[in-house]
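Protein chains in written order, with the numbering used here: chain P, 6 to 364; chain R, 110 to 468.
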């Protein structure tokens with residue numbers, strides 16, 4: 006652990022200073038760090054390794070609590086570790102004795118499944134078992150697969166584009182999302198459609214999105230946020246990007262998304278969210294603004310309005326919470342799923358014991 | 110009642126009974142023509158005499174065909190006109206005395222004020238008759254006739270306000286009013302029309318034929334496809350058989366489905382109707398004003414074995430609740446459903462709800 010303190014401190018500092026922002030970048034950096042941590046440290050039992058990863062994860066999450074991708078990646082890694090140990094334990098037990106074991110079913114399943122929920126599986130495997138030497142490399146291999154998955158997110162998502170977008174459709178989106186951008190660009194190769202982008206004040210990231218899309222030859226129109234409801238009746242689909250997806254299917258997305266989703270629901274227009282699974286968090290939004298941050302209120306009401314500033318409270322929340330009943334479909338790197346399916350993805354990728362990183 | 114008019118009344122009653130005369134417009138015009146003759150050819154001096162005369166004719170006509178609500182509407186219009194004229198005549202002759210009608214000379218038509226002021230139980234005041242009264246009444250009734258003749262003109266002149274270029278309009282069944290409305294709009298605008306074929310009468314197919322003869326781009330769709338294409342439609346324009354006092358419609362079977370699909374997608378529903386279709390009756394029961402036609406069109410006799418095991422019904426009309434309708438386009442302009450009570454107050458009298466003879 007002491008060998009990697011420098012690397013960990015480095016990443017913690019970057020996160021604290023908000024030098025590293027954005028789910029994708031943060032997730033990749035976290036994963037890289039964890040690979041180094043796991044390979045360069047000494048550990049023999051499951052608990053030791055879990056504690057190492059948890060302590061690193063705790064520090065990273067505390068550095069920037071609103072970048073939920075950090076916690077997601079750490080939990081993914083913890084889950085992988087538990088899985089590998091469980092498997093190693095069961096194969097070690099089988100080869101050692103012919104006695105009864107609760108893990109009869111375990112060798113048949115390489116990944117966590119609904120069966121394991123019902124069967125009696127000990128979440129923390131026995132510390133005294135001797136593991137095979139390949140365990141370390143297995144774990145690192147699995148984690149590298151997560152890394153590959155992260156790097157290929159855009160490819161998996163954009164390959165579903167032509168299924169979802171048809172010719173002569175009018176698509177509406179908001180803000181700047183690299184995932185949605187790739188999705189639409191891929192669809193534009195085969196189909197001809199129009200895109201309306203809400204400019205998403207006060208960050209105006211929608212304008213950047215519109216520039217990128219039009220460079221790719223897509224017919225794009227920028228509309229002010231106030232016009233979203235007015236033109237919604239003419240829109241065929243709403244395609245959104247998101248900062249994070251919560252365990253109930255709710256979104257933490259850029260401010261203005263809730264308004265667009267509500268307008269779409271009013272007109273019964275399908276709302277599709279393009280997201281990589283690394284954005285799926287097992288946390289619940291007990292409070293609408295649990296995961297929100299506020300930015301500089303100057304862009305909402307400038308300091309030049311001197312007199313007014315004393316009399317009003319100005320707030321500039323960066324994110325919106327969008328309830329799951331506004332979303333019709335999640336397009337993820339593992340295919341398209343309705344919000345009701347997310348619990349399944351959470352069970353398969355995360356472990357309930359990792360909800361907090363207590364040691 | 111004189112013998113000549115008796116013959117005419119019997120004639121019309123027979124036609125209505127045998128369903129030789131159907132359709133709101135034709136029925137309304139025939140009723141009005143008859144009432145003009147009845148009023149001019151008979152002797153009467155007091156208000157009650159004339160009212161009872163018209164009421165007895167009205168009662169016979171309604172009993173002949175209770176589902177043609179236009180009959181009752183026209184009779185009530187005429188009764189209201191008669192009461193108005195008598196009231197005016199009475200007011201001008203007693204204006205010197207102290208009477209409750211002091212404000213009446215200022216108003217030539219019934220207004221909200223009359224509802225609130227004490228106009229008494231009504232009938233005992235109508236004692237006098239001036240020589241001009243007969244011709245005044247007949248003139249007023251002729252005005253109603255002129256209004257009936259110019260229904261289509263007045264409605265279609267509002268067409269360009271409601272239909273814009275490149276819109277997709279949906280309609281159902283065959284309505285002359287809607288047909289004129291759309292033809293007028295197509296002179297200035299270019300738009301598409303989707304017509305539901307309206308099984309089992311297939312009136313929609315005839316409508317589509319008429320519209321395409323006028324050069325409008327028309328598509329016939331089966332009734333089952335209405336919900337599927339509704340997301341692409343900009344407006345729904347409907348005709349109706351009758352409008353009830355709460356704003357509900359008695360329209361051709363299939364209209365309720367179209368209105369519900371439109372409401373789901375928040376698409377505006379516009380009903381084109383002449384005011385003679387507005388009835389002061391309430392639908393205490395959804396099927397109060399419905400008729401059933403030959404079930405052979407739904408399930409033919411050739412399905413012999415099946416016939417004994419099922420009950421087959423072929424209702425001709427649907428009841429459409431007022432919360433599905435956004436706008437009524439009438440010959441007196443466009444009104445929301447909430448305004449209809451006003452039109453009823455201005456055109457009908459509450460004492461004429463039933464046509465029992467007055468004391």
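We treat Cβ as the ideally placed atom computed from N, Cα and C, and that holds for glycine. This one's a predicted model, so the numbers in the text were calculated from it and none came from an experiment.
- Within its own chain, the residues whose Cβ lies closer than 6 Å to the Cβ of residue 349/R, once the five positions on either side in sequence are excluded, are 358, 360, 380, 382, listed in chain order.
- By the Cβ-count criterion, residue 92/P is buried, with 16 or more other Cβ atoms from all chains shown falling within 10 Å of its own Cβ.
- The three-state reading of DSSP puts residue 197/R in helix, counting H, G and I together.
- Taking a beta-carbon distance threshold of 8 Å, residue 374/R counts as an interface residue toward chain P.
- As a beta-bridge residue in DSSP terms, residue 344/R pairs with 278/R.
- Using a Cβ-Cβ distance cut-off of 8 Å, the region 254 to 266 of chain P and the region 204 to 213 of chain P are in contact, since at least three pairs of beta carbons, one from each stretch, lie closer than that value.
- The beta strand (DSSP E) runs lying completely inside the region 288 to 349 of chain R and spanning 3 residues or more are 301 to 305, 326 to 330, 344 to 347, given in chain order.
- Straight-line spacing of the CA atoms in residue 264/P and residue 276/P works out to 12 Å.
- According to the DSSP secondary-structure assignment, residue 424/R is paired through a beta bridge with 401/R.
- With fewer than 16 neighbouring CB atoms inside 10 Å of its own CB, residue 308/P falls in the exposed class.
- By the neighbour-count criterion, in which a residue is buried when 16 or more other Cβ atoms sit within 10 angstroms of its Cβ, residue 146/P is exposed.
- Excluding its 5 nearest sequence neighbours in each direction, residue 194/R has C-beta neighbours in its own chain below 8 Å: 242, 245, 246, 249, listed in chain order.
- Collapsing the DSSP output to three states places residue 92/P in a helix.
- Boundaries for residue 237/P: no alpha helix (DSSP H) harbours it, and the DSSP string shows neither H nor E there.
- Neighbours of residue 273/P in chain R, taken as residues whose beta carbon is under 8 Å from its own, are 340, 373, 374, 375 in chain order.
- In the structure shown, residue 324/P adopts extended strand secondary structure according to DSSP, grouped into three states.
- The DSSP assignment places complete alpha helix (DSSP H) segments of no fewer than 4 residues inside the region 15 to 50 of chain P at 28 to 45, in order along the chain.
- Taken through DSSP and simplified to helix, strand or coil, residue 335/P comes out as strand.
- Rounded to the nearest whole angstrom, the CA to CA distance from residue 372/R to residue 61/P is 54 Å.
- No Cβ-Cβ contact shorter than 8 Å links residue 304/R with residue 269/R.
- Within the model, the alpha-carbon separation for residue 185/R versus residue 161/R is close to 12 Å.
- Comparing C-alpha distances from residue 198/R to each of 177/R, 154/R, 168/R, 166/R shows the shortest one belongs to 154/R.
- The C-beta separation of residue 183/R from residue 141/R comes to about 5 Å, placing the pair in contact by the 8 Å criterion.
- For residue 310/P, no beta strand (DSSP E) encloses it, and the DSSP letter there is neither H nor E.
- Cα atoms of residue 50/P and residue 86/P: separation of roughly 11 Å, rounded to the nearest angstrom.
- Taking the C-beta atoms as reference points, residue 35/P is found no nearer than 8 Å to residue 298/P.
- Within the same chain, Cβ atoms closer than 6 Å to the Cβ of residue 158/P are found at 281, 338, the five residues on either side in sequence being excluded.
- Partner residues in the beta bridge of residue 444/R, as assigned by DSSP, are 437/R.
- Nearest C-alpha to residue 448/R among 435/R, 460/R, 459/R, 191/R: 435/R.
- Residue 335/R places its beta carbon less than 8 Å from that of residue 366/R.
- For the pair residue 21/P and residue 69/P, the CB atoms are nearer than the 8 Å cut-off.
- Residue 179/R is positioned such that its CB atom lies closer than 8 Å to that of residue 137/R.
- The C-beta of residue 200/R has 16 or more other C-beta atoms within 10 Å across all chains shown, which makes the residue buried.
- Counting C-beta pairs closer than 8 Å gives three or more between the region 237 to 256 of chain P and the region 324 to 342 of chain P, which meets the contact rule.
- Rounded to the nearest whole angstrom, the C-alpha separation of residue 351/P and residue 214/P is 31 Å.
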